[in-house]
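> If you're matching positions, the sequence shown starts at 1 in UniProt numbering and goes up one per residue.
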Amino acid sequence: MPAIPQIDPTSGAAPEVQPSIPLASTNVTPAFDPSKVTVLFILGGPGAGKGTQSIHLVQDYGFKHLSAGDLLREEQDREGSEYGQMIKDYIKDGKIVPMEVTVTLLKNAMQRELDSGKKSRFLIDGFPRKMDQAVFFEQSVCPSKCTIFLDCPEEVMLKRLLNRGKTSGRSDDNEESIKKRFRTFVDTSMPVVDQFEKEDKVIKVLATGSENDVYERLVENLAKRDIHPVK
Ligand code: UDP
Ligand code: MG
Numbered sequence: 001m002p003a004i005p006q007i008d009p010t011s012g013a014a015p016e017v018q019p020s021i022p023l024a025s026t027n028v029t030p031a032f033d034p035s036k037v038t039v040l041f042i043l044g045g046p047g048a049g050k051g052t053q054s055i056h057l058v059q060d061y062g063f064k065h066l067s068a069g070d071l072l073r074e075e076q077d078r079e080g081s082e083y084g085q086m087i088k089d090y091i092k093d094g095k096i097v098p099m100e101v102t103v104t105l106l107k108n109a110m111q112r113e114l115d116s117g118k119k120s121r122f123l124i125d126g127f128p129r130k131m132d133q134a135v136f137f138e139q140s141v142c143p144s145k146c147t148i149f150l151d152c153p154e155e156v157m158l159k160r161l162l163n164r165g166k167t168s169g170r171s172d173d174n175e176e177s178i179k180k181r182f183r184t185f186v187d188t189s190m191p192v193v194d195q196f197e198k199e200d201k202v203i204k205v206l207a208t209g210s211e212n213d214v215y216e217r218l219v220e221n222l223a224k225r226d227i228h229p230v231k
């Protein structure tokens, strides 16, 4: 895998030199052509059901599913990764890992899939969670077609997460981390959804009730945007 740019693990600041992808402030062309590569984001608070609904979407719509959180956890556990400890600390604390790491992991995963000649439609789960990531990704990797936003009250998400925590083994599925993730979501991630909404690129779906209820709403709303199942 191409090297991830050096990041100072103490400050989380990206270095000035030699990032493996150009920075957003420079005038760059996206790595992938949006007329050939389709990117949908799926966002929502922690426990809103992004992963669960993604499984259905992959089955019916033929997307390649990429979860930013899963990619980060994989990198965290990868032997020899110089970002392992930093990722661990950020995740436990419910904070957003410096974007260069996450964007590079996503870009590499997309490149691998495209090289394999399999899928060119991507469902990117749990990303972008911060404005800088959104801008950087769309400028340097690929502009998104739209964003699915799973809208769910905190008390419902809390219940789901505490339940998941019994078996997930995730370091952040405990009450203290969950509260921090809720804050991060409201303060840092909602502005991204609001910005996409202004661009009329958000498909908002109420994410309470059963898995099937939510999925039915989702299919209905995707159809309104002319996005249909492939089989
Ligand atoms: N995370 C991050 N950047 C991202 C996505 C996730 O730093 O773009 C980190 C963040 O600390 C987050 C954690 O990974 O709280 C777990 O993300 P995941 O999407 O797995 O959580 P979920 O929303 O599914 O509960
Ligand atoms: Mg998830």
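Positions of the beta carbon are idealized from the N, C-alpha and C atoms, including for glycine.
(1) Ordered along the chain, which non-local residues of its own chain (more than five positions away) have a Cβ less than 8 Å from that of Val230?
(2) What are the start and end residues of the beta strand (DSSP E) that includes Gly44?
(3) Taking Ile203 as the reference, give the member of Arg112, Arg181 and Asp151 with the closest Cα.
(4) Would you mind stating whether Lys145 and Val39 have Cβ atoms separated by less than 8 Å?
(5) With 8 Å as the threshold, decide whether the Cβ of Ile55 is near any Cβ in chain D.
(6) Give the straight-line distance between the Cα atoms of Asp33 and Cys142, rounded to the nearest whole angstrom.
(7) Are the CB atoms of Gly126 and Ala68 nearer to each other than 8 Å?
(8) Quick one: give me the first and last residue of the alpha helix (DSSP H) that Thr147 is part of.
(9) Does ligand 2 have even one heavy atom less than 7 Å from the beta-carbon of Gly169?
(10) Across which residues does DSSP place Ile203 in a beta bridge pair?
(11) Would you say Lys180 and Glu113 are within 8 Å of each other, going by their C-beta atoms?
(12) Consider the C-beta atom of Asp125 and the heavy atoms of ligand 2; say whether any pair is separated by less than 7 Å.
(13) If you draw a straight line from the C-alpha of Glu75 to the C-alpha of Asp187, how long is it?
(14) When you compare the CB positions of Phe41 and Ile96, do they come within less than 8 Å of one another, or not?
(15) Measuring only from the beta carbon, is Ala68 closer than 7 Å to any heavy atom that is part of ligand 1?
(16) Can you round the beta-carbon distance between Ser189 and Arg129 to whole angstroms, since I take them to be within the 8 Å contact cut?
(17) So, with DSSP's three-state summary, where would you put His65?
(18) Check Ala24 in the structure and name its three-state DSSP category.
(19) I'd like the span of the beta strand (DSSP E) that includes Val178, first residue to last.
(20) Give me the Cα-Cα distance between residue 232 and Met110, rounded to the nearest whole angstrom.
(21) Given a cut-off of 8 Å on the beta-carbon distance, is the pair Ile91 and Ser168 in contact?
(22) Spatial neighbours of Val17 within its chain, please: C-beta separation below 6 Å, excluding the five flanking residues on both sides.
(23) Look at the alpha carbon of Gly117 and the alpha carbon of Val58, and state the distance between them as a whole number of angstroms.
(24) Go through its chain and collect everything with a Cβ distance to Leu206's Cβ below 7 Å, but skip five positions before and after it.
Straight from the coordinates:
(1) Asp60, Tyr61 and Gly62
(2) Thr38 to Gly44
(3) Asp151
(4) yes
(5) Note that chain D does not occur in the displayed structure, where there is just one protein chain.
(6) Approximately 7 Å, taken between the alpha carbons.
(7) yes
(8) Thr147 -> not in any alpha helix (DSSP H); beta strand (DSSP E) instead, spanning Cys146 to Asp151.
(9) No; taking the cut-off as 7 Å, the Cβ of Gly169 has no heavy atom of ligand 2 nearer than that.
(10) Ile148
(11) No, these two residues do not count as a Cβ contact at 8 Å.
(12) yes
(13) 26 Å
(14) no
(15) At least one heavy atom of ligand 1 lies closer than 7 Å to the C-beta of Ala68.
(16) 4 Å
(17) strand
(18) Bear in mind that the predicted position of Ala24 carries a pLDDT of just 49, short of 50, making it too unreliable to give a figure here.
(19) The question names Val, yet the displayed sequence has Ile at residue 178. Premise fails: Ile178 lies in the alpha helix (DSSP H), Glu175 to Thr184, not in any beta strand (DSSP E).
(20) With the chain covering 1 to 231 only, the question about residue 232 has no answer from this structure.
(21) Contact: no.
(22) Because the pLDDT of Val17 is 42, which lies under 50, any placement of that residue in the model is unreliable, and the question is left without a value.
(23) Approximately 17 Å, taken between the alpha carbons.
(24) Asp151 and Arg217
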